[in-house]
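These notes concern the structure reproduced below.
Residue numbers (the UniProt record's numbering): 1 to 146.
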């Protein structure tokens, strides 16, 4: 998933630090960073001394040299906490599962679709039904003023 407009409810669940990262290097590279180092801290060097160059190379290996350069300029000398984004990842998975259910049920029964999804996502059919019956979050949680 690389398109912010397709993230829907999951975007609301992202920490501000991840939203900043997405703004700097894009969604795809931010996801790579989270998958590689989610739940850890990463000291961002200034890429001037040997230690900083080693950290830059490690960062570039995950997100690419251009994105590593952008992150180095923005966070130079800081230790950043890379969140796991567990709630957002679950929301994305559930959103994808509901879309796949809709696709499968255009030609197959709901029972067949749930069985297929349970095997695909390695969970019980009961859990698939629970996910399918969840209500999507609205696009914005902000209340109207009037």
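No residue lacks a Cβ here, since even glycine has one placed at the ideal position from N, Cα and C.
Margin query: Rounded to whole angstroms, what is the Cα-Cα separation between residue 75 and residue 99?
Written below: Roughly 37 Å between the two C-alpha positions.
Margin query: Give me the DSSP bridge partner(s) of residue 81.
Written below: 41
Note to self: So, with DSSP's three-state summary, where would you put residue 35?
What the structure shows: For residue 35, the three-state secondary structure derived from DSSP is helix.
Next item on the list: Return the residue from the list 80, 87, 125, 89 that minimises the CA-CA distance to residue 21.
Entry: A check of alpha carbon separations from residue 21 across 80, 87, 125, 89 identifies 80 as the nearest.
Note to self: Taking only three categories from DSSP, how would you classify residue 64?
What the structure shows: coil
Notebook entry, point to check: Is the CB-CB distance between residue 33 and residue 62 below 7 Å?
Noted result: Taking the C-beta atoms as reference points, residue 62 is found nearer than 7 Å to residue 33.
Notebook entry, point to check: With residue 39 and residue 56 assumed to form a contact (beta carbons below 8 Å), what rounded beta-carbon distance in angstroms separates them?
Noted result: With 8 Å as the limit, residue 39 and residue 56 do not qualify as a contact, their Cβ atoms being about 22 Å apart.
Item checked: Proximity of residue 67 and residue 25 at Cβ, strictly below 7 Å -> yes
Next item on the list: Could you tell me if residue 88 is buried or exposed, where buried requires 16 or more neighbouring beta carbons within 10 angstroms of its beta carbon?
Entry: buried
Checklist line | Residue burial classification, residue 145 (beta-carbon count within 10 angstroms, cutoff 16) | finding: Unreliable positioning characterises residue 145 in this predicted model, as indicated by a pLDDT of 46, which lies under 50. A coordinate reading is not provided.
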